[in-house]
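Report on one structure; see the data block that follows.
In full-length UniProt numbering, the protein residues as written are 1 to 428.
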């Protein structure tokens, strides 16, 4: 590890010709005589004044730095020192990350175009971050906008930058139309919001990951703003401490108060449990359900884990709670846990029979190595109905749409491997 170079870069200040070059040399020399370990000796009044002046000096020095960057690009500094571009030069010599180097150059170019912003930053009126917000907003204006309106916009934003932090300033910049053209602002905002809503709908996604070991589901999602606000309101209603059965804010195991995120997690789980049966679209003739298989001993208080149709498992206590809340579909199980009978025979398989097939198949298509959900599958007679097949469980499987096409095709033969599992063979 090499020691940091504490010597001021370049030649001594007095030997430099250009005033900017000389100033920067003197700046290093003066700062060498300042001991930051001594700031404790400042009074509160002096401390406040020093902090304000330090930030103002930082802004003024930033403006000078950015002016140097803009001119360095024009002067070909990067090429003279073997770099492909000024951002590349900044990465090599100043050790800026690529994105940061590009941001610096973008702001340098923006200040060169917008005199009022540059002068305000040079006076230390606001931090460089505010200058970035203003420049980005001005550069986003239509290229054919009246030059007088551009000047008016710059004056307005520079004035607001004197009085507001960057967060507020960014919101003001987002509504710049209301200053430039109040009459047309509402119309343009409506068009902008409609486009944003359409884009939000297209970009929506949800990704879930189930972990049987921890009995948790993690996920990330993105939904449009309106649905997101509705979800927030639902969670807030469930978190209302004034409800008759409020969510306990204290962890019963540790006695520690739950965080806001943990409380929202409990509320989200309760929200899922509260969705009324029959309100969602049916898949494969069934309501969206999770099938839990438990034997009579477990139902009556045994300690055997209960498998789900997804291949995961839950504790017997959770299985009994689900049975109590959502009801029980009786099934007769053979010695190898094969479902023997569910409901009456009919031309089409019943909901109960489809659920039984889902259990047999582990929640997926019956075709070997196919992982498509059984909920999306068609019920298929292994012996075709028109050729004497029966609508019972030993003659039925759930097959996804692509594989169902092959299963019904005369060029393919279906081999039954075991209950709920088949293999397709192409005939020669």
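Yeah, the Cβ is synthetic: ideal placement off N, Cα and C, and Gly gets one too.
Consult DSSP for residue 205 and reduce its assignment to one of helix, strand or coil.
strand
Separation of residue 258 from residue 63, as counted between CA atoms
47 Å
Is DSSP giving residue 418 helix, strand or coil here?
strand
Going along the chain, which residues of its own chain have a beta-carbon closer than 7 Å to the beta-carbon of residue 365, five neighbours each way excluded?
372, 374, 377, 398, 399, 400 and 403
Just verifying my parser: in three-state terms, what is the DSSP assignment at residue 428?
coil
Taking only the alpha-carbon atoms, compute the straight-line gap between residue 57 and residue 154 and give it to the nearest angstrom.
23 Å
Per DSSP, what are the beta-bridge partners of residue 307 in this structure?
313
Comparing alpha-carbon positions, which option in 39, 14, 37 and 40 lies nearest residue 28?
14
So for residue 210, helix, strand or coil by DSSP?
strand
Limits of the unbroken beta strand (DSSP E) element including residue 398:
396 to 399
Just how far apart, CA to CA, sit residue 330 and residue 293?
Low confidence applies here, because residue 330 scores a pLDDT of 49, under 50, leaving its location unreliable; read the following figure in that light. Those two C-alpha atoms are separated by around 10 Å.
Compute the distance between the beta-carbons of residue 230 and residue 205, then report whether it is under 7 Å.
no
Whole angstroms are fine: how far does the CA of residue 349 sit from the CA of residue 336?
Interpretation of residue 336 is limited by its pLDDT of 46, a score under 50 that renders its predicted location unreliable; no figure is taken from the coordinates.
For residue 98, which residues of its own chain have a beta-carbon under 7 Å away from its beta-carbon, when the five flanking residues on both sides are left out?
87 and 91
My output table needs one value for residue 126: the three-state DSSP class, helix, strand or coil.
coil
Does DSSP put residue 20 in a helix, a strand or coil?
helix
Tell me the DSSP secondary structure of residue 250 in three-state form.
strand
Residue 359 versus 307, 256, 270 and 385, residue with shortest Cα-Cα distance
307
Just reading off the alpha helix (DSSP H) that residue 174 is part of, what are its end residues?
166 to 174
What residues in its chain sit with their C-beta under 7 Å from that of residue 180, if we drop five residues either side in the sequence?
149, 152 and 153
As assigned by DSSP and simplified to three states, the class of residue 97
coil
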